[in-house]
Amino acid sequence: MDAFHAHAGQPDGRHPWCKDCRSVLGKAERLAKNQHALRAAELAKDGLKACSSCGQVKDFEDFYRRSASPTGRKSQCIACYRDGQREYNATEQAKRRKHAERARRRAQDPERYDRSLRAAQFKSKYGITLARYEQMLADQGSCCAVCGLLAGDRALQVDHCHTTGRVRGLLCRKCNSGIGMLGDSPEGVQRALSYLLRT
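Per UniProt numbering, residue 1 is the first one in the sequence shown, and the count goes up by one each step.
Shown next, in the form of structure tokens:
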């Protein structure tokens, strides 16, 4: 184990690469970085710069100014920078349109919007329809299937098996969280019960 550096983020407390391999990789990275810096310095002497996006060597005038850069220019050439900005703006505009459409639908009919949102969540997370959820709620008398707490203004959560995905019932937040923290298993619940009975 002494051949590996300590690493708190790993299960065994050691880095996955040995010290020798990390040393070789580090040297290669430093060499590549130095070579890149040397090439950039050589190009800069002639007023040239390699674009970080397209890789083409161009005149300084083909790059926007940037005071924080060693060369005083941006890393991307003007053409690549503009392409990136156009792509970013198009993506952001699409996001804004989507948000605006959601806001419009919610303002028109808040109740219908919330129901459609919940229906989509139930379908994607648990594979059940909103109608199925409401039927389960009615079958349980709008109460938590474990402690009997009346749902009231707070919706009951869908309890499901994390291994199979099978929906088991509707629980209040505390009961659903408790089952999850006990490993989502009868054995975990039984161990907790045995402990409580002993004490």
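A virtual CB, placed ideally from N, CA and C, is assigned to each residue, including glycine.
Beta-carbon contacts of residue i that lie in its chain and below 6 Å, excluding the five residues immediately before and after
{"i": "K58", "result": "C77"}
{"i": "K27", "result": "none"}
{"i": "S53", "result": "Q76 and C80"}
C-beta contact flag for residue i and residue j at 7 Å
{"i": "C172", "j": "L149", "result": "yes"}
{"i": "G169", "j": "D184", "result": "no"}
{"i": "A119", "j": "L137", "result": "no"}
{"i": "T71", "j": "A41", "result": "no"}
{"i": "K19", "j": "A3", "result": "yes"}
Buried/exposed call for residue i, threshold 16 Cβ in 10 Å
{"i": "A32", "result": "exposed"}
{"i": "R166", "result": "exposed"}
{"i": "A145", "result": "buried"}
{"i": "Y133", "result": "buried"}
{"i": "C147", "result": "exposed"}
{"i": "C161", "result": "exposed"}
Option nearest residue i by Cα separation, candidates the options
{"i": "Q157", "options": "R82, A68, T164 and C175", "result": "C175"}
{"i": "C21", "options": "K98, H5 and S116", "result": "H5"}
{"i": "A155", "options": "K95, A68 and G141", "result": "G141"}
{"i": "A37", "options": "S69, G9, S23 and L25", "result": "S69"}
{"i": "T164", "options": "V189, T91, G127 and K98", "result": "G127"}
8 Å CB neighbourhood of residue i in its chain, flanking five on each side removed
{"i": "R73", "result": "K49, F60, F63, Y64, R65 and R66"}
{"i": "R14", "result": "M1, F4, H5, A6 and H7"}
Other residues of its chain near residue i: CB distance less than 7 Å, five sequence neighbours each side excluded
{"i": "R115", "result": "L130"}
{"i": "P16", "result": "Q10"}
{"i": "R97", "result": "none"}
Residues bridged to residue i [DSSP beta-bridge criterion]
{"i": "R14", "result": "A6"}
{"i": "K49", "result": "K58"}
{"i": "V167", "result": "H160"}
{"i": "C143", "result": "L150"}
{"i": "R65", "result": "R73"}
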